[in-house]
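In this note's numbering, the protein residues as written are 88 to 452.
Built from N, CA and C at the ideal position, the CB exists for glycine as well.
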Amino acid sequence: MTAAAQFTRVPHPAPLAAQRRQEVLAQPGFGRHFTDHMVSIDYAGGTWTNARVEPYGPLALDPATMVFHYGQAIFEGLKAYRQGDGSVSCFRIDANAARFRRSARRMAMAELPDELFIESVRQLLEVDRDWVPAAGGEESLYLRPFMFATEAGLGVKPAAAYKYLLLGSPAGAYFPRGVKPVRVWLSTEYVRAAPGGTGEAKVAGNYAASLLAQAEASAKGCDQVVWLDACERRYVEEMGTNNLFFVFGSGSEARLVTPELSGSLLPGITRDSLLTLAADSGFPVEERKISVEEWRKGAESGEITEVFACGTAAVITPVGWVRSGDGEFTIGGGEPGVVTMALRDTLTGIQRGTFADKHGWMRPM
Ligand code: PLP
Ligand code: COI
88 MTAAAQFTRV PHPAPLAAQR RQEVLAQPGF GRHFTDHMVS IDYAGGTWTN ARVEPYGPLA
148 LDPATMVFHY GQAIFEGLKA YRQGDGSVSC FRIDANAARF RRSARRMAMA ELPDELFIES
208 VRQLLEVDRD WVPAAGGEES LYLRPFMFAT EAGLGVKPAA AYKYLLLGSP AGAYFPRGVK
268 PVRVWLSTEY VRAAPGGTGE AKVAGNYAAS LLAQAEASAK GCDQVVWLDA CERRYVEEMG
328 TNNLFFVFGS GSEARLVTPE LSGSLLPGIT RDSLLTLAAD SGFPVEERKI SVEEWRKGAE
388 SGEITEVFAC GTAAVITPVG WVRSGDGEFT IGGGEPGVVT MALRDTLTGI QRGTFADKHG
448 WMRPM
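What follows is the structure in structure tokens.
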């Protein structure tokens, strides 16, 4: 099947009333509300088939469906932004399509062609365009493409059948306190991913494996867990659902460091974009290992002036405090930093069409 192939459209018999939708869009939260429709594409007999735009609703699955037993499940996260002229654009959708394919390959799943991934988003936006929040604010339509094994059976092997689904969910701030700095917990007991594992793929199981440590972080009074490398428990990898950046120095002397792609952390599209935007702004940027010890000493001496987390859902969030079994230290007095906020303004400006899109990242949908 090609992207040009027909998607069957089954309109929702009773879409949410416009007034109720406006109430949802005024305060969407994150991941709590879904648009009227979803997209579904099946993989069977070696081909992609049965592409549909249909009412959002429950699925009926055989209890022996392989995803429930052996966990072949991957997902993506990207956003559609309302532009000042009323049109709708996605940010770097081709990068999400490519990462979705890489995740599929790592999980021995069928690879959805990029054109179908992009066309599925276009199809959903065509019917649910009114669900994209108004321009000018922090809100957007979060898009959640995902795929799982649908073959029924208990043999352990790559499934022969898959379902791809796409949901739309209006989104405001991911962290309830918005751009206020978060407090993070350094996880030394649990690890997220080990070399050779699935850490660099966007795999559902990575998130399941993270939940106990995230609960531990909450119990310690922290907003998020920060993962260290699995072997030495010494080098910083990433935060719960974000990559991390460290700002050394300030003003014209500022330079940025982000953990190198170790194979066990997610290669974030926001991370990749910020490496480019920081370089555009004249900041030296470095991808390398950074240890907890360097972080603590740098924060205490004032050499590390800012730390921030970045990801599609959470955009850019300052990190103000770091807690571990050894105590707590503060970064930049627990206030959002200048470099953090400047990069945030540039990134969100490009996404909302108020800054020039020099790198051709926005795609009108
Ligand atoms: N790391 C993890 C574990 C994530 O879940 C995410 C979110 O997608 C990120 C990093 C940031 O990735 P991206 O910028 O592509 O959203
Ligand atoms: C995203 O930013 O898209 C993420 O993956 C975060 C999500 C797990 C809530």
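- With contacts defined by Cβ atoms closer than 9 angstroms, Tyr261 and Ser207 do not form a contacting pair.
- For a cut-off of 8 angstroms, the C-beta gap from Tyr249 to Tyr168 is around 29 angstroms, too long to register as a contact.
- Taking all protein chains in view, the Cβ of Thr136 is surrounded by fewer than 16 other Cβ atoms within 10 Å, so the residue is classified as exposed.
- Relative to the ligand PLP, even the nearest heavy atom lies 8 angstroms or more away from the CB of Arg450.
- Shown here for Asn183: same chain residues with a beta carbon closer than 7 angstroms to its own, the five before and five after excluded, namely Glu163, Leu165 and Ile356 in chain order.
- At the C-beta level, Trp218 and Arg107 stay beyond 9 angstroms of one another.
- Relative to the non-hydrogen atoms of the ligand COI, the Cβ of Gly420 never comes closer than 8 angstroms to any of them.
- Between Gln311 and Asn330, the gap from beta carbon to beta carbon reaches 9 angstroms or more.
- DSSP, read as helix, strand or coil, puts Ile437 in helix.
- In the three-state DSSP reduction, Lys250 falls in the strand class (E or B).
- Distance from the Cα of Ser127 is smallest, within the candidate group Phe233, Leu212 and Leu228, for Phe233.
- Thr275 has its alpha-carbon roughly 43 angstroms from the corresponding atom of Val175.
- Three or more Cβ pairs drawn from the stretch 406–421 and the stretch 377–388 lie within less than 8 angstroms of each other, which places the two stretches in contact.
- In this structure, Glu163 has its beta carbon less than 8 angstroms from a heavy atom of the ligand COI.
- Restricting attention to alpha helix (DSSP H) runs no shorter than 4 residues, the stretch 123–169 encloses them at 153–157, ordered along the chain.
- Cβ atoms of Leu361 and Cys397 come within 8 angstroms of each other, at about 6 angstroms.
- For Ile377, the secondary structure class from DSSP, reduced to helix, strand or coil, is coil.
- The residue among Ile180, Pro142, Gly223 and Lys267 with its C-alpha nearest the C-alpha of Asp172 is Gly223.
- Between the C-alpha atoms of Asp123 and Gln210 there is a straight-line separation of about 13 angstroms.
- For Val394, the enclosing beta strand (DSSP E) stretches over residues Ile391 to Gly398.
- Taking Gly255 as the centre and dropping the five residues before and after it, the same chain places the C-beta of Phe121, Thr122, Leu211, Asp215, Trp218, Leu228 and Leu230 closer than 7 angstroms to its C-beta, in chain order.
- Within the chosen limit of 8 angstroms, the ligand COI reaches the beta carbon of Tyr229 through at least one heavy atom.
- Of the candidates Ile418, Thr285 and Ala300, Thr285 places its Cα closest to the Cα of Pro354.
- At a Cβ-Cβ threshold of 9 angstroms, Val243 and Val271 do not count as neighbours.
- Using a Cβ distance threshold of 9 angstroms, Thr427 and Glu390 do not count as a contacting pair.
- A Cβ-Cβ contact shorter than 9 angstroms links Val344 with Glu373.
- Setting aside the 5 residues that flank it on each side, Glu198 is surrounded in the same chain by Arg188, Ala191 and Arg192, each with a C-beta closer than 7 angstroms to its C-beta; the list follows chain order.
- Excluding its 5 nearest sequence neighbours in each direction, Arg139 has C-beta neighbours in its own chain below 6 angstroms: Thr95 and Ser127, listed in chain order.
- Sixteen is the threshold: when 16 or more other Cβ atoms of the shown chains lie within 10 Å of the Cβ of Val269, as they do, the residue is buried.
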